[in-house]
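Protein chains in written order, with this note's numbering: chain A, 1 to 117; chain B, 118 to 540. Ideal placement from N, C-alpha and C gives every residue a C-beta, glycine not left out.
Following this line, the structure appears as C-alpha cells:
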C-alpha cells in the first residue's frame, strides 16, 4: 500500500525556529534514522518526501460557482503548521506505524492512496 | 453414576457449542485463506445455518468444526465466482506474505499456526486505529461470534446501528491497511494492552446502567470475560490480561446478588451466598500469580489495584468486617497511578465508611462527574447519615433528576422517601 504521511503539527516538540543549532541537528539525525530504518526494512520504500515552506507561502484554490478564487495561506488553520510529507510504500499500517516511531514525535495524518487497478 | 461412553450425536445443542467455541478459529482460518473481511462472516453464518438443517437429519459429522470450515469455504468460493469483474477489485485484507505461502490451513492443524491466526484476528479487531467502541463490538462479533443483536443490547444501541458500526469497522480495517498480522515484538505488549482495554470496555458496557428497565446485562458482560480468556490462552503470561481477568471475575462474581425483585441491591445489602465464590477464588489466585510479581505498566497497575479493592470486599464474611482503612489506602495508590473522578468518588465512600459521614462529605468537595447522578446520590446518602435531612433531600432531588436508569431511579426515590419527615 502507498500512504501519504503528512507531518501536520509539532506536537510536543517546540517550533523548528526555537531549536538551537544542536537541537536542530538532533532532529535531523532522527530523520536520517527514519530513512535508514526504512532502507533496512523489506517491502518499505520512501517514494517521495519533502519539507514544505511555511503557511505564508501556501496558496489555497477554491472553485465556487464556476469561478476560481485564490487566497493566501493554508486551506485550514488546522494544517497551518504542516511541515513536510512522505509518500511511503509499505505492506500495511502496522509496519508504517512502527517505522514512524523513529521520527520526531510530530502530529501526523496517514492517508492510504487508492489503488486504481 | 457412570456416563455411558457413546459417541455424541449433537443436534442443535452441539452445534451451538461448536459455534461458541470455534467461531474465532474458523473466522481466522477463512481470513488467512481468502483475505475477504466482507465475505467471511456471512459465509460462516450460512454454514451454521446449513448445519442447523442438516445435522439433526444426517447426524452430526465426525469433526464438526471441519465440516463448518469446509462448508464456509465453499460459500466463499461460490461468492467469488459470481462476483463480476468490477467486484473483483474489492480491496483485500492485508495478510503477511510469508503467512499466505503457508497455504490453506485446516481445523486438523490444531497447532500453533491456527493459534497464531486467532491472535492475528484479535489484534486486528482491537487495533488502536479503530475507535474503541467499534473495536469492542468487532472483537465480540468476529472472535467470539456473539450475535449482533446481543452486542447492540450490551452497548445500548439499536441493532441496525450496531450492524452498521460493525460493517463500518470492517471497511475501515481494509481501507486503512490494518493488517491481519502480529506486529513486531517491541510493540506487542502495547497492543495486548489495547486488547485488554477493548475487552474491559465491553465488560463495563454490560454493567453501565441504561435508560430503560434492563438494568443488568451481566450475562453479556460475561462474553467480555470469555474474550480475555481466549487471548490469555494465546498469551498466558501477559500481565495486563492476567490483572484484567482478576478484576472482571471479582466484579462479575456479584452479578446474581445485585438485583432482588427487580430492585438494585447495594454491596452491603447483597446476599453473599449468591456470589460466585469460585470466581473470587480464581481471581485471588491470579492476583498472586507470577506474571504480576514484577514491575507492571500503569494500566496494568490500575487493574491490579481495582481488583485488590474488589477482593477486599469479596473475601470478608460480612460487610461489617470490610477493612475500609486498607481500601482507602488502595484508592490512594489508584489515584496516583490513574487519577479519575469516579475513583475519587469511590474513595470518598470508603473514607465515609472508615472515618464517618462528615469525613466522607469533605472528600466530595468540588467533585463532579458530567452527566452522572452518582456524586449527588453519594452526597445525599452521606448527608442523611450525618443527620442533615433537608440537604439530603435536596441532593436526592438532584440525583433523581440526573438519573436515567429506571431501576436506579426507583432506588433513589425509595431512599428519599425513607428520609425523616420534615418537622
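Worksheet entry | Nearest-angstrom beta carbon gap, residue 424 of chain B and residue 367 of chain B [assumed within contact, 8 Å] | As a first step, residue 367 of chain B is located in the second chain; it is residue number 250 there, counting from the start. As a first step, residue 424 of chain B is located in the second chain; it is residue number 307 there, counting from the start. That belief holds up - the Cβ atoms of residue 367 of chain B and residue 424 of chain B are roughly 6 Å apart, short of 8 Å.
Worksheet item: Which same chain residues, not among the five before or five after residue 72 of chain A, have their C-beta less than 6 Å away from its C-beta?
Response: As a first step, residue 72 of chain A must be located in the first chain, where it is residue number 72. Same-chain partners within the cutoff: there are none.
Worksheet item: Start and end of the alpha helix (DSSP H) containing residue 365 of chain B?
Response: By one-based count along the second chain, residue 365 of chain B stands at place 248. That run of the alpha helix (DSSP H) goes 356-369.
Worksheet item: Is any beta-carbon of chain B found at less than 9 Å from that of residue 59 of chain A?
Response: Against the first chain, residue 59 of chain A aligns to sequence position 59. Not one chain B Cβ lies under 9 Å of residue 59 of chain A.
Worksheet entry | Backbone secondary structure at residue 88 of chain A - three-state DSSP | Taking the first residue of the first chain as position 1, residue 88 of chain A is located at position 88. Residue state, collapsed to three classes: strand.
Fill in: Any chain B beta carbon closer than 9 Å to residue 97 of chain A
Taking the first residue of the first chain as 1, we reach residue 97 of chain A at position 97. Yes, because at least one Cβ of chain B sits closer than 9 Å to the Cβ of residue 97 of chain A.
Worksheet item: Can you tell me whether DSSP reads residue 287 of chain B as helix, strand or coil?
Response: Within the second chain, the letter at position 170 stands for residue 287 of chain B. Correct three-state label for residue 287 of chain B: helix.
Item to complete: Return the first residue and the last residue of the alpha helix (DSSP H) that residue 132 of chain B is part of.
Response: If you number the second chain from 1, residue 132 of chain B lands on position 15. Element bounds for residue 132 of chain B: 129-151.
Discussion item. Checking 9 Å against the spacing of the C-beta atoms, do residue 253 of chain B and residue 246 of chain B come in under that value?
Written reply: Working through the second chain from its first residue, we reach residue 253 of chain B at position 136. Working through the second chain from its first residue, we reach residue 246 of chain B at position 129. No. Outside cutoff.
Practice prompt. Sort out for me which residues DSSP pairs residue 169 of chain B with in a bridge.
Written response: For the purposes of this step, residue 169 of chain B is identified with residue 52 of the second chain, where counting begins at 1. Residue 169 of chain B is not bridged to any residue.
Worksheet item: CB-CB under 7 Å to residue 115 of chain A, same chain, minus the five flanking residues each way: which ones, in chain order?
Response: In the first chain, the residue the question calls residue 115 of chain A occupies position 115. Nothing listed; no residue qualifies.
Worksheet item: Residues in its own chain within less than 7 Å of residue 129 of chain B by CB, not counting five upstream and five downstream?
Response: Residue 129 of chain B sits at position 12 when you count from the first residue of the second chain. Cβ within range, chain order: 169, 173.
Item to complete: Count the other C-beta atoms from every protein chain shown that fall within 10 angstroms of the C-beta of residue 53 of chain A, then say buried if there are 16 or more, exposed otherwise.
Response: By 1-based counting over the first chain, the position of residue 53 of chain A is 53. It is exposed - the Cβ of residue 53 of chain A has fewer than 16 other Cβ atoms within 10 Å.
Practice prompt. For my contact list, residue 474 of chain B and residue 436 of chain B are in at a C-beta cut-off of 8 Å; report their separation, rounded to the angstrom.
Written response: Start at 1 with the first residue of the second chain, and residue 474 of chain B comes out as number 357. Start at 1 with the first residue of the second chain, and residue 436 of chain B comes out as number 319. Wrong, their Cβ atoms sit about 17 Å apart, outside the cutoff.
Discussion item. Strictly below 8 Å CB to CB, what residues from chain B border residue 103 of chain A?
Written reply: For the purposes of this step, residue 103 of chain A is identified with residue 103 of the first chain, where counting begins at 1. Within 8 Å Cβ-Cβ: nothing; residue 103 of chain A doesn't reach chain B, min ~15 Å.
Discussion item. My assumption, with CB atoms under 8 Å, is that residue 457 of chain B sits in contact with residue 415 of chain B. Please give the rounded CB distance.
Written reply: Counting from one through the second chain, the residue named residue 457 of chain B turns up at place 340. Counting from one through the second chain, the residue named residue 415 of chain B turns up at place 298. Contact flag wrong, Cβ pair sits at about 12 Å.
Item to complete: State the DSSP-derived secondary structure class of residue 64 of chain B, mapped to helix, strand or coil.
Response: Any property of residue 64 of chain B remains undetermined from this structure, which presents chain B solely from 118 to 540.
Practice prompt. Using three-state DSSP, classify residue 378 of chain B as helix, strand or coil.
Written response: The residue given as residue 378 of chain B occupies position 261 in the second chain. Residue state, collapsed to three classes: coil.
Discussion item. Tell me the DSSP secondary structure of residue 449 of chain B in three-state form.
Written reply: Numbered from its first residue, the second chain carries residue 449 of chain B at position 332. Note: residue 449 of chain B maps to helix in three-state DSSP.
Practice prompt. Using 10 angstroms around the beta-carbon of residue 17 of chain A, count the other beta-carbons present and answer buried if the total reaches 16, otherwise exposed.
Written response: Indexing the first chain from 1 puts residue 17 of chain A at position 17. Flag for residue 17 of chain A reads exposed.
Discussion item. Pull the bridge partners of residue 2 of chain A from the DSSP assignment, please.
Written reply: Taking the first residue of the first chain as 1, we reach residue 2 of chain A at position 2. DSSP lists A/89 as partners of residue 2 of chain A.
Discussion item. Output needed for residue 408 of chain B: all residues of its chain with C-beta closer than 6 Å, excluding positions within five of it in sequence on either side, in chain order.
Written reply: For the purposes of this step, residue 408 of chain B is taken as residue 291 along the second chain, with counting starting at 1. Spatial neighbours of residue 408 of chain B in its own chain (CB-CB distance under 6 Å, excluding positions within 5 residues in sequence) are listed in chain order as 354, 356, 359.
Worksheet item: Are residue 340 of chain B and residue 261 of chain B closer than 9 Å when you measure CB to CB?
Response: If you number the second chain from 1, residue 340 of chain B lands on position 223. If you number the second chain from 1, residue 261 of chain B lands on position 144. Yes, the pair counts as a contact, with Cβ atoms nearer than the cut-off.
Worksheet item: Apart from the five residues just before and just after residue 227 of chain B, which ones in its own chain have a Cβ nearer than 8 Å to its Cβ?
Response: Looking up residue 227 of chain B in the second chain gives position 110. Residue confidence is low: residue 227 of chain B scores 48 on pLDDT, short of 50, so the model does not pin down where it sits. Its coordinate-derived value is still stated next. Closer than 8 Å at Cβ, skipping near neighbours: no residue.
Fill in: Segments assigned alpha helix (DSSP H), at least 4 residues, entirely inside the region 409-471 of chain B
415-431, 441-454
Practice prompt. Evaluate the contact criterion for the region 150-161 of chain B versus the region 186-196 of chain B: three or more CB pairs, one atom per stretch, below 8 Å.
Written response: These segments touch.
Worksheet item: So, are the CB atoms of residue 352 of chain B and residue 257 of chain B less than 9 Å apart?
Response: As a position in the second chain, residue 352 of chain B is number 235, starting the count at 1. As a position in the second chain, residue 257 of chain B is number 140, starting the count at 1. No, the pair does not count as a contact, with Cβ atoms beyond the cut-off.
Worksheet item: Is it right to say residue 419 of chain B is buried, meaning 16 or more other beta carbons lie within 10 angstroms of its own, or is it exposed?
Response: For the purposes of this step, residue 419 of chain B is taken as the residue at position 302 of the second chain. Flag for residue 419 of chain B reads buried.
Worksheet item: Should residue 165 of chain A go down as buried or exposed, given a rule of 16 or more other Cβ atoms within 10 Å for buried?
Response: Since the first and last residues shown for chain A are 1 and 117, residue 165 of chain A lies out of range.
Worksheet item: Would DSSP call residue 109 of chain A helix, strand or coil?
Response: Sequence index remark: in the first chain, residue 109 of chain A carries index 109 (1-based). DSSP, read as helix, strand or coil, puts residue 109 of chain A in strand.
Worksheet item: Can you tell me whether DSSP reads residue 59 of chain A as helix, strand or coil?
Response: Within the first chain, numbered from 1, the residue matching residue 59 of chain A stands at position 59. Of the three classes helix, strand and coil, the one that applies to residue 59 of chain A here is strand, per DSSP.
Discussion item. Looking at chain B, is there any beta carbon in it that lies within less than 9 Å of the beta carbon of residue 93 of chain A?
Written reply: Translated into positions along the first chain, residue 93 of chain A becomes position 93. For residue 93 of chain A, the answer is yes, since a Cβ of chain B falls inside 9 Å of its Cβ.
Worksheet item: What does residue 304 of chain B touch in chain A if you count any residue whose Cβ is under 9 Å from its own?
Response: Counting from 1 along the second chain, the entry for residue 304 of chain B is found at position 187. Neighbours of residue 304 of chain B on chain A, chain order: 94, 97, 98, 101.
Discussion item. Going by C-alpha to C-alpha distance, which of B/159, B/182, B/272 sits closest to residue 133 of chain B?
Written reply: Working through the second chain from its first residue, we reach residue 133 of chain B at position 16. The shortest C-alpha separation from residue 133 of chain B is found at B/182.
Discussion item. List, in chain order, every chain B residue whose beta-carbon is nearer than 8 Å to that of residue 1 of chain A.
Written reply: As a first step, residue 1 of chain A must be located in the first chain, where it is residue number 1. 211, 294, listed in chain order.
Discussion item. Whether or not the region 17-30 of chain A and the region 57-65 of chain A are in contact is what I'm after, with contact meaning three or more pairs of Cβ atoms, one per stretch, closer than 8 Å; do they touch?
Written reply: no
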